[in-house]
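Adding 483 to a residue's 1-based position in the sequence shown gives its number in our numbering.
Here is the structure we will look at, set down as structure tokens.
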Amino acid sequence: NICGYLMKYTNLVTGWQFRFFVLNNDAGLLEYFVNEQSRHLKPRGTLQLAGAVISPSDEDSHTFTVNAASGEQYKLRATDAKERQHWVSRLQICTQHHTEAIGKNNPPLKSRSFSLASQGSASSPGVQRRPSQNAVSFFNVGHHRLSTGKRVPIMQPDHLVDVREMMSQAEGQQRDLIRSIECLPVSGHLTSLDQDLLMLKATSMATMNCLNDCFHILQLQHASQQKGSLPAGTTINWLEPKISLANHFKNGAAQNFPAEINKPASVREEQSVAEPCQLTREPEEVNPEEELEDICDDKEDDLGAVEEQRSVILHLLSQLKLGMDLTRVVLPTFILEKRSLLEMYADFMSHPDLFIAITNGTTPEERMIRFVEYYLTSFHEGRKGAIAKKPYNPIIGETFHCSWRMPKSDVATDVGSNSSAHSASEPVTLPKDLEGQKELDYYTVKFVAEQVSHHPPVSGFYAECVERKMCVNAHVWTKSKFLGMSIGVTMVGEGLLSLLEHGEEYTFSLPCAYARSILTVPWVELGGKVNINCAKTGYSASINFHTKPFYGGKLHRVTGEVKQNVTNTVVCRVQGEWNSVLEFTYSNRETKYVDLTKLSVTRKRVRPLEKQGPFESRRLWQHVTESLRDGDIDKATEHKRALEERQRNEERLRAETETPWCTKYFLKEGDGWVYHKPLWKTVSAVQTQQTDTN
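Here it is, written out as structure tokens:
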């Protein structure tokens, strides 16, 4: 037996509380008390561990959950990773022992005489139920009924097959019920969004999931009786829902489109766009002169849709499980931002002056510090408004182009950071067709992004400033998970900043993002540790995005330090909030404050819709965006569904014809994606050509 203090998550109001836990191995119980002194009293709570699932959380290295077979769950947090592992290991051993004991000690199921139609003996609590509560009526979901002419068979050795068949019937009836509800109109006396009908959908789904979980335990019990015991290392995993989730997240609309003649012309246009691989997949050189300053200002502060659609959110949450991957889940349209994820990545570049100023640093130390400053200021503008909404999931082959013009006088420089600062580096020669840009009085930063993969969803983006001989290339795989009252998004991937004037490359990663309080006023916070490294100079930065603790603490807190790896000397420390004020403290004890709310934002330049290609983000999603601006959620949903359906059809066609997807701007290199014509290759090719000429 082991005992000790753990933090237990109680509810949204109370949060985390310290409780004294005792693992009773002999009884197979996990008990907890208010404190150690009250251990002699009755436990505040008890969980049976037989058939339980012990799951370390991927939120952090301290949290884990205990899911009992009864459906009760404890969410616990240890003081550190080592203590968590100790508790998880002991709990798993105890759980497996008592789960095996169930199979060994209970008589085989085949020897029991049990009928689903039976009401039980006179002493059974079942006698006190109303007639409508027997097992047969329980399975009568909707207006379908099991055949009354056939008596439900007594359990035989193949009883699990009979149960599986009966559950299949129930699942089919539950699907019919859901379909009947969703085919109802969205307005009128009885609608598909009626509160009672939504509750019926949610509870029927939860009931079927619970039955599947119970059936899974029966299978394990039966296997242990046949083999004597469970194999070593066996763990019980809950079954995934048998009913396709994707078919339920349609915002209460019918599954099929109305007849073609009734579709809006814009929807027919969206569905009739040719297969992307049949379009030209040659990279297109976008002329910055065609781009105009962006005038769109879609703030996402409107709470109306979230408040009005709360019943739909409840219905959505009722069908999700903790830790479920949301990649293939179709989310309701009203929670969407009015921009694509590719454009959101572009908005991270809204301070091009800080980006360009990186290469103006006179020393490797200063350039690393400037990069950290730019990195931390990029997230504030990337989020639009205070409400946590989700950008459009990019369609495979979707692209986004834009640029920024930055007056040279607005870019920070240092004394001696001009020609003398760059003389120590090898001269970098630009291609002839780019040399003329040096005569302009502004710098141009060009950006291109492309959705290179659908499953998994991977985006590649690239930005360059030719005049300053610097570029950044990155690829990001967004993995989203359901975490109860929040949604977590892990940004898997890596970025590379190249400063060609100095021959330096900086690798960096991205933090996780969390949408909190999704039932009330959803908001975003960042969490996790990211690293920035420059192998050539030996400088690195470690940045921690802190999630808010349940008691006290500040929102959006970030801390970090820059150090020289060879001497292990910290040359700069940073603290503050990533969306408010940052404080930089340097090795000479000087302090610099950056107020992100007062930083000037440079508007990006984008081509007008009529000049964009059919797969550029704004033109591709224009009808969805217009409908959201007008507040027409149903129309936006229809346009969004048309795009998603077209993508599925194209993917199915490629699979049938074994045709690989052809990317347009990014090439696969190892585990990452690289822009087809990065600045470092262009400059290197010119230098090689000049060397050969000489």
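We treat Cβ as the ideally placed atom computed from N, Cα and C, and that holds for glycine.
- Between residue 1148 and residue 933, the CB-CB gap stays under 8 angstroms.
- Counting along the chain, the unbroken beta strand (DSSP E) around residue 1064 starts and ends at 1064–1069.
- Residue range 873–875 is occupied by the beta strand (DSSP E) that includes residue 874.
- Between residue 954 and residue 825, the CB-CB gap reaches or exceeds 8 angstroms.
- For residue 931, the CB contacts under 6 angstroms within the same chain, skipping 5 residues up- and downstream, are 884, 945 and 1148 in chain order.
- Taking all protein chains in view, the Cβ of residue 951 is crowded by 16 or more other Cβ atoms within 10 Å, so the residue is classified as buried.
- In the displayed model, residue 1104 falls within coil according to three-state DSSP, outside both helix and strand.
- The bridge partners DSSP lists for residue 841 come to none.
- Taken atom to atom, the span from the alpha-carbon of residue 1114 to that of residue 583 is near 56 angstroms.
- Per DSSP, reduced to three states, the secondary structure at residue 974 is strand.
- Under the 10 Å beta carbon count, residue 929 is surrounded by 16 or more other beta carbons and is classified as buried.
- Cβ-Cβ distances below 7 angstroms link residue 1040 to 1029 and 1060 in the same chain, with the five nearest sequence neighbours on each side left out; the list follows chain order.
- If you draw a 10 Å sphere on the C-beta of residue 664, you find 16 or more other C-beta atoms in it, and that means buried.
- Remark: C-beta atoms of residue 492 and residue 502 do not approach each other more closely than 8 angstroms.
- In the three-state scheme derived from DSSP, where H, G and I count as helix and E and B as strand, residue 683 is classed as helix.
- Beta-bridge partners assigned by DSSP to residue 545: none are found.
- In this structure, the beta-carbon distance from residue 554 to residue 531 does not fall below 8 angstroms.
- Straight across, the Cα-Cα distance linking residue 580 with residue 513 is about 14 angstroms.
- Per DSSP, the unbroken beta strand (DSSP E) holding residue 1078 starts and ends at 1074–1078.
- Per the DSSP secondary-structure output, residue 926 pairs in a beta bridge with 889.
- Residue range 1116–1140 is occupied by the alpha helix (DSSP H) that includes residue 1118, with no beta strand (DSSP E) assigned at that position.
- Nearest in C-alpha terms to residue 998, of all of 986, 965, 1017 and 550, is 965.
- For the pair residue 1086 and residue 776, the CB atoms are nearer than the 8 angstroms cut-off.
- Distances from the alpha-carbon of residue 835 to those of 860, 578 and 1108 put 860 closest.
- Comparing alpha carbon positions, the residue from 537, 565, 562 and 570 closest to residue 552 is 537.
- Nearest neighbour of residue 1134 by Cα position, chosen from 1020, 936 and 1055, turns out to be 936.
- In the three-state reduction of the DSSP assignment, residue 959 falls in the strand class, which pools E and B.
- Secondary structure in the region 509–533: no alpha helix (DSSP H) run of 4 residues or longer lies completely within the stretch.
- In this structure, residue 858 sits near residue 1015, with a CB-CB distance shorter than 8 angstroms.
- Cβ-Cβ separation between residue 1065 and residue 862: approximately 11 angstroms, too far for a contact (criterion under 8 angstroms).
- The straight-line gap separating the alpha-carbon atoms of residue 1037 and residue 674 is approximately 43 angstroms.
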